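Participant: Below is the structure I would like to discuss, written out as structure tokens.
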Amino acid sequence: MQYLALIEKIELAQWLRAGICLLTCAVLIRALVPVALRFGMVDKPGGRKDHGAPIPVVGGLGILVSLILVTLFTETPIDIRLVTFAACAIGLVLVGQLDDRFDISARWRIGAQALAGTAMMLLAGVTATNLQDVFGFAGSNIGLFAFPFTIFIVVGVINALNMADGVDGLAGSLSLVSVALFTCFALYSGDFRIAGHLLAVAAALVGFLLWNFRFPWQPRARVFLGNGGSMLLGFVIAWCSVQLTQNEQHPVSPVLGPWTIALPLIDCIVLIFRRLMQGKSPFSADRQHMHHLLLDAGFKPVAVVLLMAGVSLALGLFAAFAVKLDIWRPLLVVLFGVLLVGWFVFTRDHELAVERLKRLRGAFVSRQAVDDGDDDEAVPADGPAR
């Protein structure tokens, strides 16, 4: 009943705005499809990609435009934070669209992400300065390290989500889980304004997933998120993570930040560390991602999305209830580290990891379902190769 009372704190106007945002995003994306095909805003088949025809990469553009339009017509007053966020989001989506079209250097992408993080701090005042009780005591102000640490958060979260964009509906679903968790945190802490904004983002994500998720009537994604979209959603999550945890009036424990997007972060950190150990570029493409391992183990794309989104939600809720029960905060940091090390050890041998996942899959399905799945070739990711 307590949580239902919190949901009731969201005003009717905010629910209506979310509904309008969902419809606007869904209609906009459909309208952008012929434009994308005409101007080459598509992900072309070839290489490790499985789709047989060019797929428009306008998901991020549709989400961004719908959020801006709805905000302009429903939000008063529009403060410096909203203006800064919009400017950064537009810049990131444009850079991402250019990357989708011309495959620009990773340095330019990282530079744009760092610039967005800088604007977030200097113009909007959204900076990770106080880690509160993460280290076991209150008032842990990191001083001069706040600037590089905030940039690290922005760049890290954006690239973690970008690397997860490899299966139809995966990045969007993981983002939806993260945004939903942050909405709950905002409601619980009493920050109803940002909860309303997050509700609109969640609605836009649902509008996007209508075209990106695999349904019985839609066996393949009609549009992709694109690099612009993954950068936009990563920036939204990074911004909310910092703003919510640094609000003295409505405090949210900073330790919850990484737990809201745990799977993409764990996958990203482990892969980057492993690639560096092997003398490779951190941004080199391979099939070592979490979703690739699940696909190679015989999980269907929809099952991969539902499994990863479900585990991500469970981890976020676990951390939230641990904080509510006043568990010693450093213990949650240690547990996150244990998950990191555990995944690194589990995936050090690709073939062995796939075999273990096959056995795990067989433990939860009938023998007939396993046989049927083995007869079908594992379907590679439909999204851009990472």
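In my numbering, the protein residues as written are -12 to 373. Don't be surprised by glycine CBs; every beta carbon is placed ideally from N, CA and C. Here the structure is a predicted model, which is why all the values come from computation and not from measurement.
1) Taking DSSP as the reference, what is the three-state secondary structure of F200?
2) Going by DSSP, which residues form a beta bridge with P43?
3) Is there contact here, the segment 260 to 268 with the segment 211 to 220, by at least three beta-carbon pairs under 8 Å?
4) May I ask which residues mark the beginning and end of the alpha helix (DSSP H) holding S427?
5) What do you get for N199, buried or exposed, if any count of 16 or more other CB atoms within 10 angstroms of its CB means buried?
6) Assuming the contact rule is C-beta atoms closer than 8 Å, L48 and V80 should be a hit. Round their C-beta distance to whole Å, please.
7) Going straight from the alpha carbon of V14 to that of I138, what length do you get?
8) Is N128 helix, strand or coil by DSSP?
9) Just how far apart, CA to CA, sit A190 and I(-3)?
10) Need the endpoints of the alpha helix (DSSP H) that W315 sits in, please.
11) Going by DSSP, what residues sit across from N117 in a beta bridge?
12) Which residue spans inside the segment 183 to 249 form an unbroken alpha helix (DSSP H) run of at least 4?
13) Residue range of the alpha helix (DSSP H) that P135 falls in?
14) In whole angstroms, give me the CA-to-CA distance for V292 and P269.
15) I'd like the span of the alpha helix (DSSP H) that includes I77, first residue to last.
16) Which residues in the same chain as R354 place their Cβ atom closer than 7 Å to its Cβ, once the five residues preceding and following it in sequence are excluded?
17) Return the CA-CA distance between L102 and R68, expressed in angstroms with no decimal places.
18) What is the DSSP secondary structure of S268, counted as helix, strand or coil?
19) Just to confirm, is the Cβ distance from I129 to A225 under 9 Å?
20) How close, in whole Å, do the beta carbons of S165 and T247 come, if the pair is a contact with beta carbons under 8 Å?
21) Does the beta carbon of R262 sit closer than 9 Å to a beta carbon anywhere in chain B?
22) Using the three-state DSSP reduction, which class does I7 fall into: helix, strand or coil?
23) Since L54 and A182 are thought to touch, with beta carbons under 8 Å apart, how far apart are those beta carbons, to the nearest angstrom?
24) What is the rounded straight-line gap between the Cα of M150 and the Cα of C255?
25) Where does I(-3) sit, in a helix, a strand or coil, going by DSSP?
26) Helix, strand or coil, according to DSSP, for K287 in the structure here?
27) Am I right that P41 and K31 are in contact with their C-beta atoms under 8 Å? What's the rounded C-beta distance?
28) Buried or exposed for S92, please, with buried defined as at least 16 other CB atoms from any protein chain shown within 10 angstroms of its CB.
29) Do G219 and G83 have their C-beta atoms within less than 9 Å of each other?
Facilitator: Put simply:
1) Coil, per DSSP.
2) V29
3) no
4) The structure shown has nothing for residue 427, since the chain only spans -12 to 373.
5) buried
6) 6 Å
7) 34 Å
8) strand
9) Approximately 14 Å, taken between the alpha carbons.
10) That residue, W315, is in no alpha helix (DSSP H); it is neither H nor E in DSSP.
11) The bridge partners DSSP lists for N117 are N128.
12) 213 to 232, 243 to 246
13) 133 to 150
14) Across the structure, V292 and P269 are spaced so that their CA atoms are roughly 24 Å apart.
15) 67 to 89
16) Its pLDDT being 46, under 50, R354 is placed unreliably in this model, and the value from its coordinates should be taken loosely. Excluding sequence neighbours, R354 sits near nothing in its chain.
17) Taking the straight line joining both Cα atoms gives about 16 Å.
18) coil
19) no
20) 5 Å
21) Judged by its chain identifiers, the structure shown contains no chain B, having just a single protein chain.
22) helix
23) L54 to A182, Cβ: 15 Å. No contact.
24) 7 Å
25) coil
26) In the structure shown, the three-state DSSP call for K287 is coil.
27) 5 Å
28) exposed
29) Rather than Gly, the amino acid found at residue 219 in this sequence is Leu. The Cβ-Cβ distance between L219 and G83 falls below 9 Å.
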